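First comes the structure, then the notes that go with it.
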Amino acid sequence: MVPWPPVLGTANGMRNKGLARDYLIRARKRLAAVETLYDQQAWADVVRESQEIVELVLKALLRSMKIEVPRIHDVSDILLEHVDQAPAGLRSEINRMATISRNLRRDRELAFYGSEDLTPSEFYKKDDATLALKDVRWLLDTVEREL
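1 is the number of the first residue of the sequence shown in our numbering; add one for each residue after it.
Take a look at the structure:
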């Protein structure tokens, strides 16, 4: 049986050291797209796309810590479990990062698909988008500074 999570660079783990950097580059480009969505007042799309940025950033962080993650959208539990392996400058921020991930993950499908009794464009308001954008900017800036 293979232990989970595998450690990067082992027979059980991935070895692509450039993947974490690629995740951060793509996250930065996506942030520009989210800012355009915000300018267009596409509040639901800002929330949805912000979640994807958070996912990329936190997976980049975990990979830099040599922790491989499963293909799930919210990695907050894995991040909290391995807080001691985080760069020293980020350890005090891990709880906030996990909260941001959990909150945006909760909204992921609703912001994209809606439900029988609501549409995303009617449900999500400017305040929701503003918070998501503020959180994703903080997260990306914070992680990039340390990596």
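All C-beta atoms in this analysis are idealised placements derived from N, C-alpha and C, irrespective of residue type, glycine included.
Since the model is a prediction, treat every value here as computed from it, not as a measurement.
How should Ile72 be labelled, buried or exposed, when 16 other C-beta atoms within 10 angstroms of its C-beta is the threshold for buried? exposed
Tell me the start and end of each unbroken alpha helix (DSSP H) in the stretch 54 to 120 that is at least 4 residues and wholly inside, in chain order. 76 to 81, 94 to 113
Under 8 Å between the Cβ atoms of Lys125 and Trp43? yes
What is the DSSP secondary structure of Tyr150, reduced to helix, strand or coil? The question about residue 150 has no answer here: the residues shown for the chain are numbered 1 through 147.
Using the beta-carbon count (16 or more within 10 Å), is Ala32 buried or exposed? Exposed.
Quick one, which of Asp22, Glu55, Arg91, Glu35 has its alpha-carbon nearest Ile100's? Glu55
CA-to-CA distance, Glu49 to Val143, given in whole angstroms: 18 Å
Terminal residues of the continuous alpha helix (DSSP H) containing Ala42? Where Ala42 is concerned, there is no enclosing alpha helix (DSSP H), given that its DSSP letter is neither H nor E.
Quick one: using the 10 Å Cβ neighbour count with 16 as the cut-off for buried, is Glu68 buried or exposed? buried
With Val46 and Leu58 assumed to form a contact (beta carbons below 8 Å), what rounded beta-carbon distance in angstroms separates them? Between Leu58 and Val46 the Cβ distance is about 18 Å, and since that is not below 8 Å, they are no contact.
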